[in-house]
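Colleague: In the working numbering, the protein residues as written are 5 to 344. In this text, a Cβ means the ideal position worked out from N, Cα and C, and glycines have one as well.
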Amino acid sequence: MQTTLKPVDLAEAQALLSRLPDTFSSILRTARLRATPEGHISVSYAMQGSLKREVTAASPNEAIRLTLVDVATYVTSCAQEHEAIPMSSCATGTELATEAPSPERALSKAKQQTLGASLPSRLKEHLGELAAAEATSFADVCRRFVVFGFEDFIARALYAGPTLLFNVLANELHEWDDSDTEQVMVRLDPGQAVRLRSTAKEYEKSVSELTVLCLAHGIAMQRLLEPLESRVSKCKGPAIRGLVSKLGLQPFAVPLVSGILAGSVRAPRKLLPKLAIALDAPESLLSTVFRGSFDRRLVPAFKAEGGKPVLSTAPSTWTTAVKALSLSPEDAKALLELGV
Numbered sequence: 005m006q007t008t009l010k011p012v013d014l015a016e017a018q019a020l021l022s023r024l025p026d027t028f029s030s031i032l033r034t035a036r037l038r039a040t041p042e043g044h045i046s047v048s049y050a051m052q053g054s055l056k057r058e059v060t061a062a063s064p065n066e067a068i069r070l071t072l073v074d075v076a077t078y079v080t081s082c083a084q085e086h087e088a089i090p091m092s093s094c095a096t097g098t099e100l101a102t103e104a105p106s107p108e109r110a111l112s113k114a115k116q117q118t119l120g121a122s123l124p125s126r127l128k129e130h131l132g133e134l135a136a137a138e139a140t141s142f143a144d145v146c147r148r149f150v151v152f153g154f155e156d157f158i159a160r161a162l163y164a165g166p167t168l169l170f171n172v173l174a175n176e177l178h179e180w181d182d183s184d185t186e187q188v189m190v191r192l193d194p195g196q197a198v199r200l201r202s203t204a205k206e207y208e209k210s211v212s213e214l215t216v217l218c219l220a221h222g223i224a225m226q227r228l229l230e231p232l233e234s235r236v237s238k239c240k241g242p243a244i245r246g247l248v249s250k251l252g253l254q255p256f257a258v259p260l261v262s263g264i265l266a267g268s269v270r271a272p273r274k275l276l277p278k279l280a281i282a283l284d285a286p287e288s289l290l291s292t293v294f295r296g297s298f299d300r301r302l303v304p305a306f307k308a309e310g311g312k313p314v315l316s317t318a319p320s321t322w323t324t325a326v327k328a329l330s331l332s333p334e335d336a337k338a339l340l341e342l343g344v
C-alpha cells in the first residue's frame, strides 16, 4: 500500500499551480489571431525565449481552445519532464522555431510580492519558534498561515456578514495583543497578493491590517484542524450510521456520507452545513479536512487483468455518487434535492 501523492510532490504541484496565471498571461500576451489563405483561423504565439508556435483550426473558438490546451500541456510538461517537449501531433500545430528554452527560464518562479505588516511582538516570536521547530524559514511559516487564514476568510465571507466575520478575526488576534509591535515583510505569490489587496480595499481595511488578521486566523484554524480530523475519523466505520441518522438521512445514504468523509464524494451544498453542525466545525475547515483525506488516500494493491485500473484524480460529484447507488426514483430524488 502506498500513498498516491507525497507531501513534497503536492508542494511542488501547488507551487506550479500558483505560477500558472502569470505564466499563461506572459505567453498569451504574444498571441495573434489571423485568417489563413485556406480559409482557416490560426493563432501564433511565443512560448518562452525564441520558441514560437502556431495552431490552426476551422473556427476562432476552436483555435483559441487548442492554444490553451497546447500552452497548458507545454507548461506542465516542462515542470514534470524538466525539458520542453514538442506539441502533440493531434493539435494541428506547427513549430516555427527550433530553439527550446531552458526549463529554468520557461518556468522560473514568479517574483513574490512583499506586503508590510505590523505584528504584535508575541505573535512574531511564536512564528519564529514554529519556524525553528519545523526547520524552515520565518517567511515560509508566515506565508502559510496568511494564505490559510485568507482562503478561509474568503470562504466564510460567502455566508457570514462582514461585521460578524471581522469580530471573529479580531478576537483571534486579541490573543496576541502586545504593547510592542514589529514591522515584518510578508512575501506572497503575485496572484495571492493581488487578491489580498483587492479584498482589503473592498472591506475598507489596510493591507497590513487584513494580513495580520488573516495570519492570526490561520493559526487559529490550524489549531482546530487536528481535533477535527480526529472527530471525523471517529465517525468512520460502524459509527457512520449514527452520523447519517444525525444528518436526517436514511440508512441507504451510508455509502455517500462515508465517501464524503473520505473525500471521494463532494458534499452537496445543503448537506455541508448539517455536517458542520454535527462535527462542530466551520464549513471551510471541514472542506479542508475532506480534501486532505482525498489527497492521502491509499492505492489498493491488486493484479490487473486486461489493462491498468483507473484511479480517480478528483472527488465524484454528489449527483454521480447518488446515481451509482441505483436507488428507487423516490429515494434518489430526495438525495439529489440536497444539491450538487
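Measure the C-alpha to C-alpha separation of Ala61 and Leu119 and round it to an integer number of angstroms.
Modeller: On the sequence shown, position 57 is the one that residue 61 refers to. On the sequence shown, position 115 is the one that residue 119 refers to. Going from the Cα of Ala61 to the Cα of Leu119 covers about 44 Å.
Colleague: Can you tell me where the beta strand (DSSP E) holding Arg36 begins and where it ends?
Modeller: Against the sequence shown, residue 36 aligns to sequence position 32. First-last of the beta strand (DSSP E) with Arg36: 36 to 39.
Colleague: Assuming Gln196 and Val151 make a contact with CB atoms under 8 Å, what is their CB distance in whole Å?
Modeller: Here residue 196 refers to the residue found at position 192 when the sequence shown is read from its first residue. Here residue 151 refers to the residue found at position 147 when the sequence shown is read from its first residue. That belief holds up - the Cβ atoms of Gln196 and Val151 are roughly 6 Å apart, short of 8 Å.
Colleague: Please list, in chain order, all residues of the same chain as Ser112 whose beta carbon is under 8 Å from its beta carbon, the five residues on each side excluded.
Modeller: Translated into positions along the sequence shown, residue 112 becomes position 108. For Ser112, the pLDDT reaches just 47, beneath the cut-off of 50, and the residue's location in the model is therefore unreliable, leaving the point undetermined.
Colleague: Which first and last residues belong to the beta strand (DSSP E) in which Val190 is found?
Modeller: Working through the sequence shown from its first residue, we reach residue 190 at position 186. Element bounds for Val190: 185 to 192.
Colleague: Going by beta-carbon coordinates alone, are Val59 and Ala67 separated by less than 8 Å?
Modeller: Position 55 of the sequence shown holds residue 59. Position 63 of the sequence shown holds residue 67. Against a cut-off of 8 Å, the Cβ pair of Ala67 and Val59 comes out as a contact.
Colleague: From Ser237, Val236, Leu70, Ala136, pick the residue whose C-alpha is nearest to that of Ser46; which is it?
Modeller: On the sequence shown, residue 46 is found 42 positions in, with the first residue counted as 1. The shortest C-alpha separation from Ser46 is found at Leu70.
Colleague: For Val269, list the residues DSSP reports as bridge partners.
Modeller: Position 265 of the sequence shown, counting from 1, holds the residue named residue 269. DSSP lists Ser320 as partners of Val269.
Colleague: I'd like to know whether the C-beta atoms of Pro319 and Arg270 end up nearer to each other than 8 Å.
Modeller: For the purposes of this step, residue 319 is taken as residue 315 along the sequence shown, with counting starting at 1. For the purposes of this step, residue 270 is taken as residue 266 along the sequence shown, with counting starting at 1. In this structure, Arg270 lies closer than 8 Å to Pro319 by Cβ.
Colleague: Count the C-beta pairs between the stretch 221 to 234 and the stretch 249 to 268 that are closer than 8 Å, then say yes if the count reaches three, no if not.
Modeller: no
Colleague: Which residues share a DSSP beta bridge with Pro231?
Modeller: Taking the sequence shown and counting its residues from 1, one reaches residue 231 at position 227. In the DSSP output, where bridge partners are listed per residue, Pro231 has none listed.
Colleague: Pairing CB atoms from the stretch 320 to 339 with CB atoms from the stretch 233 to 245, are three or more of them under 8 Å?
Modeller: no
Colleague: To the nearest angstrom, how far is the alpha carbon of Val145 from that of Val73?
Modeller: Residue mapping note: residue 145 aligns to position 141 of the sequence shown, counting from 1. Residue mapping note: residue 73 aligns to position 69 of the sequence shown, counting from 1. Approximately 35 Å, taken between the alpha carbons.
Colleague: When burial is assigned at 16 or more other CB atoms within 10 Å of the CB, is Tyr78 buried or exposed?
Modeller: Position 74 of the sequence shown, counted from the first residue, corresponds to residue 78. Tyr78 sits buried, since 16 or more C-beta atoms from the chains shown fall within 10 Å of its C-beta.
Colleague: Might you give, ordered along the chain, the residues of its own chain that have their beta carbon closer than 8 Å to the beta carbon of Asp182, omitting 5 neighbours on each side?
Modeller: For the purposes of this step, residue 182 is identified with residue 178 of the sequence shown, where counting begins at 1. Beyond the five residues adjoining it in sequence on each side, Asp182 comes within less than 8 Å, by CB distance, of Pro124, Ser125, Arg126, Leu127 in the same chain, given in chain order.
Colleague: From the DSSP output, in three-state form, read off Leu119 for me.
Modeller: Numbered from 1 along the sequence shown, position 115 holds the residue referred to as residue 119. Reduced to three states, the DSSP call for Leu119 is strand.
Colleague: Any contact between the stretch 151 to 167 and the stretch 205 to 220? By contact I mean 3 or more CB pairs, one from each, below 8 Å.
Modeller: yes
Colleague: Count the other C-beta atoms from every protein chain shown that fall within 10 angstroms of the C-beta of Asp193, then say buried if there are 16 or more, exposed otherwise.
Modeller: For the purposes of this step, residue 193 is taken as residue 189 along the sequence shown, with counting starting at 1. With 16 or more Cβ atoms within 10 Å of its Cβ, Asp193 is classed as buried.
Colleague: Starting from the C-beta of Leu37, find all residues in its chain whose C-beta is less than 6 Å away, skip the five residues before and the five after it, and write them out in chain order.
Modeller: Counting from one through the sequence shown, the residue named residue 37 turns up at place 33. Excluding residues within five positions, the ones whose Cβ falls inside 6 Å are Val47.
Colleague: What's the C-alpha gap between Ser122 and Val211?
Modeller: As a working note, residue 122 is residue 118 in the sequence shown. As a working note, residue 211 is residue 207 in the sequence shown. The alpha-carbon atoms of Ser122 and Val211 are separated by roughly 10 Å.
Colleague: Taking DSSP as the reference, what is the three-state secondary structure of Leu21?
Modeller: In the sequence shown, counting from the first residue as 1, residue 21 sits at position 17. Three-state result, Leu21: helix.
Colleague: Taking DSSP's pairing of strands, which residues face Pro124 in a bridge?
Modeller: Taking the first residue of the sequence shown as position 1, residue 124 is located at position 120. Pro124 pairs with Thr185.
Colleague: Where does Arg295 land, buried or exposed, given buried means 16+ other C-beta within 10 angstroms?
Modeller: Position 291 of the sequence shown, counted from the first residue, corresponds to residue 295. When all chains shown are included, Arg295 counts as exposed.
Colleague: Using only alpha-carbon positions, find the residue among Glu129, Leu21, Pro277, Arg57 that is nearest to Asp184.
Modeller: On the sequence shown, residue 184 is found 180 positions in, with the first residue counted as 1. Closest by C-alpha distance to Asp184, out of Glu129, Leu21, Pro277, Arg57, is Glu129.
Colleague: State the Cα-Cα distance for the pair Arg235 and Val198, rounded to the nearest angstrom.
Modeller: Here residue 235 is taken as the residue at index 231 of the sequence shown, counted from 1. Here residue 198 is taken as the residue at index 194 of the sequence shown, counted from 1. In a straight line, the C-alpha of Arg235 is about 36 Å away from that of Val198.
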